[in-house]
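K.L.:
Sequence positions in the sequence shown follow the UniProt record's numbering and run 1 to 461. Glycine included, each C-beta is placed from N, C-alpha and C at the ideal position. If you're wondering where the values come from, they're calculated on a predicted model, not measured in any experiment. Have a look at this one.
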Amino acid sequence: MSGGTSNLTVGGSGTVAGDLTVSGQLQASGVALPLVYPGRRAPYRDPSRIVTHFQSGHGWTTSGSVDGTSNLNDTTDFVKGTQSAKVVFTGNGNFDVSGLTSMDLTSKAIRFQVKVDDVSKLSQLNLRIGTGASNVFQWQTLATTATSKLYKSGEWTTVTVGWSDVHTGSGTMSLDSHRVPNTQTGFTFIRLQVIATGGNCTVHFQSVEIIDNVSATFPNGVVSLVFDDSWDSQYTLARPRLDQYGFRGTNYQIVERIGQAGRLTLPQLRSLQDDSGWEISGHAYTTAVHDSRLTSFTKRQVDDELRALRAWLVANGFNGDSFAYPGGQFEDTTDGFPIEQLVARYFSTGRTVLSGYGASTNVLSENFPPPRPMRLIALSGVSDASGGMGLVSNLVADGGELDTCKRLGSWLIITFHVLTTGSTGGDDGVITQTDFNTLIDAISSYGIPVLPVADVMRFYS
C-alpha cells in the first residue's frame, strides 16, 4: 500500500480501521465503483412469434429507389443468426414481402430491429402491413426532437409499434373516428419503407416479430404522469388534483435546485413520496450539467454526476429507480461513450422527450415491455402554447392519445414542468391549472390506470 496527499494505491489487500473519505472516484482494477446500483433489472425481450430474422431464403425483395450495392444476404454485419439484409436507399425505396400466411394481429404489436448507418440521411422509416401494397396500415417510426432521433447512427435499434401508434390506412384499410382500425387480422404483406435525404441511406434489417401489446398486461392501457426540474407548482398545484383520484406521479429532481425559490423543498419531496405515493427520482445533480445537457461532458464527468445524483436519492430515503435525460438528450458524451450505458449503471430506465414525427393527429407512445428501457418515449410540451397532441383539447378528444391508449393499448408517458393559475405566456413548458385539471379528469373518466414509471416496470415480475 502506498499513497500521498492526493492518491492512494493498494497493490494487494488493505485494511482501513476508521473512515475513508474519497473526494474523487473510488476505483477497482481501473473501473470506477458505483456507490449504488439500479434497484431492478427487467428482461429486455418478451416471447415473440418470429416473422423473419432475414436469414438465407427470407424471401424479401426491394423496389423503388434502391442502389445496386444492396446485399440482402449480408454475412458481415448481423446480431442474430449468421446474416442480415443490407439495403442502400437512394430516395423513396421499399423492402417487403408478400404472400405470408395470414396474420392475426388483434391485441398484438410489431417489433423490428434495424441499424441505420447515418441517421442524418434518414427522412422516414415507415412500417406498412396489409394485404398488398395498396391496402395497408402505416406506422411512421422516426420520432424526433430538435436535438434527438429515435435511431442512432451505427446502432442496432429495436422498435415496437402497436395499434395505438398507427398513422394512416389506405385502400381497404381504414381508421374510424377513434383511430380504431377496421380490421386487425388477415394480413399477408409487410413493407418497410425508407425515404433517404441528402444522399444514400444504408439500413440493415435484422428481424420482424409479433408480440403481445400493452393490453396483455394493462387491459385499459396505462398512463405515467412525470414531472421535471423540481418546480414547486408540482406540489402545490399538481399534487392536489392527483390526490383526488389516488393518482401517483414520478418526479425527476435537479438536486442543486431543491429548496431554491420557486422549487420543491426536501419536506415537500418526502410528502410526495410518503403521503401521496409518488416516485422521487433523478434528473441531474448540478444545475450546470442539467442546463448544458449530458452530451456536453466527458464520460468521467457524466458518471460522476449520475453517481452523486443516485447517492443523494438514497441518502435522503428516496426509492425512485428512474432517470430523465436533461433536454431529452441521451446520445454520447464528448469523448464518444453512450450516455445510456452510464445511466444504466445507476437507474433501471431512462426517459426521453421523443414522441412524435410531425403529425398533428397522433404521436408514438411507449409499449410494454418497452423495447429500449433506457430510451423511453414520452410526450412533452403539453400546453395551450403547443400544437397537435400538445394541446389538451386534442389529447382528451375522440381519437386522441387517451382514447387510443384505452381502446388499443399503450403506455402513455406525459411530461410536465411548470403549472400556473394564470397564463402560460406562450411557453409550452407551462400548463394552466385548468388544462391540467381537464387532462387528469379525462384520464379518470377513461378509466386508465395511472402509475409511476418504476411501478409500471415492476409488472415485469
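1) Name, in chain order, the residues that DSSP records as bridge partners for GLY162.
2) Tell me which residues share the same chain as GLY387 and place their Cβ nearer than 6 Å to its Cβ, disregarding the 5 neighbours each side in the sequence.
3) Relative to the C-alpha of LEU412, which candidate in THR334, HIS178, GLN140, VAL453 has its C-alpha closest?
4) In the DSSP assignment, find the beta strand (DSSP E) that holds LYS149 and state where it starts and stops.
5) I need the DSSP call for GLY68, collapsed to helix, strand or coil.
6) Using a Cβ-Cβ cutoff of less than 6 Å, which residues in the same chain neighbour ILE280 once the five nearest sequence positions on both sides are dropped?
7) Report the partner residues of ASP96 according to the DSSP bridge assignment.
8) Restricting to Cα atoms, I'd like to know which of PHE330, LEU376, ASP441 is closest to SER148.
9) Which residue wins for smallest C-alpha separation from GLN254, given the options SER177, VAL87, ARG310, GLY246?
10) Between THR333 and the rest of its own chain, which residues show a CB-CB distance below 8 Å, the 5 nearest in sequence each way excluded?
11) Mind checking which residues open and close the beta strand (DSSP E) that includes GLN253?
12) Taking its Cβ as the centre, do 16 or more other Cβ atoms sit within 10 Å of ASN367, making it buried, or is it exposed?
13) From the DSSP output, read off the bridge partner residues of GLY228.
14) Near TRP139, which residues of its chain fall below 7 Å by C-beta distance, leaving aside the five closest residues on each side in sequence?
15) Measure the Cβ-Cβ separation of LEU391 and LEU150 and say whether it is below 8 Å.
16) Excluding sequence positions up to five away, which residues of its chain have a Cβ less than 7 Å from the Cβ of ILE443?
17) Buried or exposed: SER461, going by 16 or more other Cβ atoms within 10 Å of its Cβ?
18) With a cut-off of 8 Å on the beta carbons, I'd call TRP163 and PRO181 a contact; round off their distance for me.
19) Quick check on ALA308: does DSSP put it in helix, strand or coil?
20) Kindly give me the distance between the Cβ atoms of LEU419 and LEU237, rounded to whole angstroms, as I take these residues to be in contact under 8 Å.
21) Taking the beta carbon of ASP104 as the centre, do at least 16 other beta carbons fall within 10 Å, making it buried, or is it exposed?
22) Note the first and the last residue of the continuous alpha helix (DSSP H) segment covering ILE440.
23) What three-state label does DSSP hand GLY277 in the structure shown?
24) Measuring only the C-alpha atoms, how far is GLY221 from VAL16?
25) Could you check if GLN408 is buried or exposed, using at least 16 other CB atoms within 10 Å of its CB as the buried criterion?
26) Could you compute how far the alpha carbon of SER393 sits from the alpha carbon of SER170?
27) Apart from the five residues just before and just after GLY381, which ones in its own chain have a Cβ nearer than 6 Å to its Cβ?
28) Decide if ILE190 is buried, meaning its Cβ has at least 16 other Cβ atoms within 10 Å, or exposed.
29) Would you grab the beta carbon distance between LEU179 and GLY399 for me? Rounded to a whole angstrom, and I think it's under 8 Å.
30) In whole angstroms, what is the alpha-carbon distance linking residue 462 and ILE210?
31) Tell me whether the beta-carbon of THR349 lies closer than 8 Å to the beta-carbon of MET374.
32) If we count the other Cβ atoms within 10 Å of its Cβ and call it buried at 16 or more, is GLY358 buried or exposed?
33) Mark TYR245 as exposed unless 16 or more other C-beta atoms lie within 10 angstroms of its C-beta, in which case mark it buried.
34) Using the Cβ count rule (16 or more neighbours within 10 Å means buried), how would you classify THR432?
35) Check the DSSP bridge columns for ASP212 and list the partner residues they point to.
36) Quick check on the burial criterion: 16 or more other C-beta atoms within 10 angstroms. Buried or exposed for SER410?
P.N.:
So, from the listed chains and residues:
1) ALA109
2) none
3) VAL453
4) Element bounds for LYS149: n/a, residue is neither H nor E.
5) coil
6) ASN251, LEU269, GLN273, PHE318, GLY320
7) THR61, ARG191
8) PHE330
9) Reading off the sequence, residue 254 comes out as Ile, not Gln. Ranking SER177, VAL87, ARG310, GLY246 by Cα distance to ILE254 puts ARG310 first.
10) LEU294, THR295, PHE297, THR298, LYS299, GLN301, VAL302, ILE339, LEU342
11) 250-254
12) buried
13) It is worth fixing the name first, because residue 228 is Asp in this sequence and not Gly. DSSP, once it has assigned bridges, lists TYR252 as partnering ASP228.
14) ASN126, LEU127, VAL161, ASP165, VAL166, HIS167
15) no
16) VAL223, LEU402, VAL450
17) Annotation note: pLDDT 48 at SER461 (below 50); position unreliable, no value reported.
18) 6 Å
19) helix
20) 4 Å
21) exposed
22) 433-446
23) coil
24) 53 Å
25) Note on identity: in this sequence residue 408 is Leu, with Gln being the wrong assignment. The residue is buried, with at least 16 neighbouring Cβ atoms inside 10 Å.
26) 27 Å
27) GLY390, ASP428
28) buried
29) The question names Leu, but residue 179 is Arg in the sequence shown. About 4 Å; that satisfies the 8 Å criterion.
30) Coverage of the chain is limited to positions 1 through 461, which leaves residue 462 absent and any answer about it impossible.
31) yes
32) Because the pLDDT at GLY358 is just 44, under 50, the model does not fix this residue reliably, and the point stays unresolved.
33) exposed
34) buried
35) LYS108
36) buried
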